Amino acid sequence: MDFEGMYQQLDQATKEKVSKWQFVKRYKKIYQGIEAKALKVEAIKDEQADDESEAKAFRYRLKMDTLQRYSYITHINI
Numbered sequence: 001m002d003f004e005g006m007y008q009q010l011d012q013a014t015k016e017k018v019s020k021w022q023f024v025k026r027y028k029k030i031y032q033g034i035e036a037k038a039l040k041v042e043a044i045k046d047e048q049a050d051d052e053s054e055a056k057a058f059r060y061r062l063k064m065d066t067l068q069r070y071s072y073i074t075h076i077n078i
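FYI, UniProt numbering numbers position 12 of the sequence shown as 12, with every residue one higher than the one before it.
Here is the structure:
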């Protein structure tokens, strides 16, 4: 997992609240703790937005192998 790359995707306000070191340490610990493997992320098109630039959230489906099978759909506000 590229946690440093994930950190770079955060907005400036979030980066001011959490350092890269804290972010990387936290997410490494989480993903190691749940024994995450075979991570797959799939974007879900927002059918309600007229134009992709109008989308206010990014929907995605996250699948991974963990201690228990896990599938998650969520939104990220942008």
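We treat Cβ as the ideally placed atom computed from N, Cα and C, and that holds for glycine.
If you're wondering where the values come from, they're calculated on a predicted model, not measured in any experiment.
Proximal residues to residue i (C-beta, below 7 Å), its chain only, five neighbours per side dropped
| i | result |
| --- | --- |
| Asp65 | Lys37, Ala38 |
Straight-line gap, residue i to residue j (C-alpha atoms, nearest Å)
| i | j | result |
| --- | --- | --- |
| Gln32 | Trp21 | 16 Å |
| Asp11 | Lys29 | 22 Å |
| Tyr7 | Lys63 | 20 Å |
| Ala13 | Ser19 | 11 Å |
Contacts around residue i, its chain only, beta-carbon distance under 8 Å, and the 5 residues preceding and following it disregarded
| i | result |
| --- | --- |
| Leu67 | Ile34, Glu35 |
| Met1 | Tyr27, Lys28, Tyr31, Ala36, Leu39 |
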